[in-house]
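Quick note: the sequence shown, position 100, residue 99 per numbering that gives the first Met the number 0, numbers continuous. By construction, the Cβ of each residue, glycine as well, lies at the ideal position given by its N, Cα and C atoms. These figures come from a predicted structure and were not determined experimentally. Step one of this worksheet: look at the structure below.
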Amino acid sequence: MKRFVGVSLSLLLVLTLGVLGLAGSHGDHGHSHSHDVVYAVAEIIPFEEGGPTGTAFFVEANGVVYVTVRAHGLSNPLQGVHIHEFGDLSTPAASGGHFDPTEGSHGHPHEHGSHAGDLLNIEVDENGVGTLVMVKDDITLSPGPLSIAGRAIVIHAEEDLFTPENIGGARVAGGIIELVSMAY
Ligand code: CU
Ligand code: ZN
Numbered sequence: 000m001k002r003f004v005g006v007s008l009s010l011l012l013v014l015t016l017g018v019l020g021l022a023g024s025h026g027d028h029g030h031s032h033s034h035d036v037v038y039a040v041a042e043i044i045p046f047e048e049g050g051p052t053g054t055a056f057f058v059e060a061n062g063v064v065y066v067t068v069r070a071h072g073l074s075n076p077l078q079g080v081h082i083h084e085f086g087d088l089s090t091p092a093a094s095g096g097h098f099d100p101t102e103g104s105h106g107h108p109h110e111h112g113s114h115a116g117d118l119l120n121i122e123v124d125e126n127g128v129g130t131l132v133m134v135k136d137d138i139t140l141s142p143g144p145l146s147i148a149g150r151a152i153v154i155h156a157e158e159d160l161f162t163p164e165n166i167g168g169a170r171v172a173g174g175i176i177e178l179v180s181m182a183y
């Protein structure tokens, strides 16, 4: 289990730094400095033994947050993932509702007016391994009203249909989003 997390985290780093490299090549951001980049990680563990485990990796750079999630032990082709309000995973309900600093309603994460905590579904292969990669411009890792640091990322059992009634069913796993310092 530990070994999987380690391998997974290395992969996330490669994926995310790849994304950053591409983003950086688009233009000349002479005012952007490496110390503006903020990183966070969440180790995702199941609520019940045998449930999904994984790692979420977050990078804030160029005014957006790159989100990468890898998990295994998933059971459906698409499963909902959100950032929940509270960093408490002592019970499935303890993390509260979706992070919603702008009084939105549940919806597709790329639609205006959705909860800031709404993420895309994680896409799961035939081996139960899931990957989610997306860019968010309505959350931050650095301090402020949109910060997700210290909150929870939660995986649900079923597909999120992005309607208020169908957000993905039961909460099966989650992790606390913790800022990490990385020196280059
Ligand atoms: Cu949720
Ligand atoms: Zn929501």
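Do residue i and residue j have their C-beta atoms within less than 8 Å of each other?
| i | j | result |
| --- | --- | --- |
| ILE44 | VAL80 | no |
| VAL123 | ASN75 | yes |
| ALA184 | PHE85 | As displayed, the chain neither begins before 0 nor continues past 183, which places residue 184 out of reach and without an answer. |
| GLY95 | HIS111 | no |
| VAL68 | LEU160 | no |
| ALA41 | GLU177 | yes |
| ALA93 | ASP87 | yes |
| GLY72 | GLY127 | yes |
| PHE57 | VAL64 | yes |
| VAL66 | LYS135 | yes |
Quick test of your reading: residue i and residue j, contact by CB under 8 Å. State the CB separation rounded to the nearest angstrom.
| i | j | result |
| --- | --- | --- |
| GLY168 | HIS155 | 5 Å |
| LEU145 | MET133 | Wrong, their Cβ atoms sit about 16 Å apart, outside the cutoff. |
| SER141 | GLU59 | 6 Å |
| ALA172 | GLY49 | At roughly 11 Å, the Cβ-Cβ gap does not stay under 8 Å, so ALA172 and GLY49 are not in contact. |
Could you tell me if residue i is buried or exposed, where buried requires 16 or more neighbouring beta carbons within 10 angstroms of its beta carbon?
| i | result |
| --- | --- |
| ALA115 | buried |
| THR139 | buried |
| SER24 | Low local confidence applies: a pLDDT of 41 at SER24 is under 50, so the model's placement there is unreliable, and no value is given. |
| SER104 | exposed |
| ASP35 | exposed |
| PRO163 | exposed |
| GLY129 | buried |
| ASP117 | buried |
| THR101 | exposed |
| VAL179 | exposed |
| ASP137 | buried |
Look up residue i in the DSSP assignment and say whether it is helix, strand or coil.
| i | result |
| --- | --- |
| ASP117 | strand |
The ligand GTP heavy atoms versus the CB of residue i: any closer than 7 Å?
| i | result |
| --- | --- |
| GLY86 | Although the ligand GTP was asked about, the structure shown includes only the ligand CU and the ligand ZN as ligands. |
For this session: For the ligand CU, enumerate in chain order all residues having a CB closer than 5 Å to any of its heavy atoms.
Result: Residues lining the ligand CU by the Cβ criterion, that is a Cβ closer than 5 Å to any of its heavy atoms, are HIS81, VAL153 in chain order.
Exercise. Under a criterion of Cβ closer than 5 Å to any non-hydrogen atom of the ligand ZN, which residues qualify, in chain order?
Worked result: Here the list is HIS97, HIS105, HIS114, ASP117.
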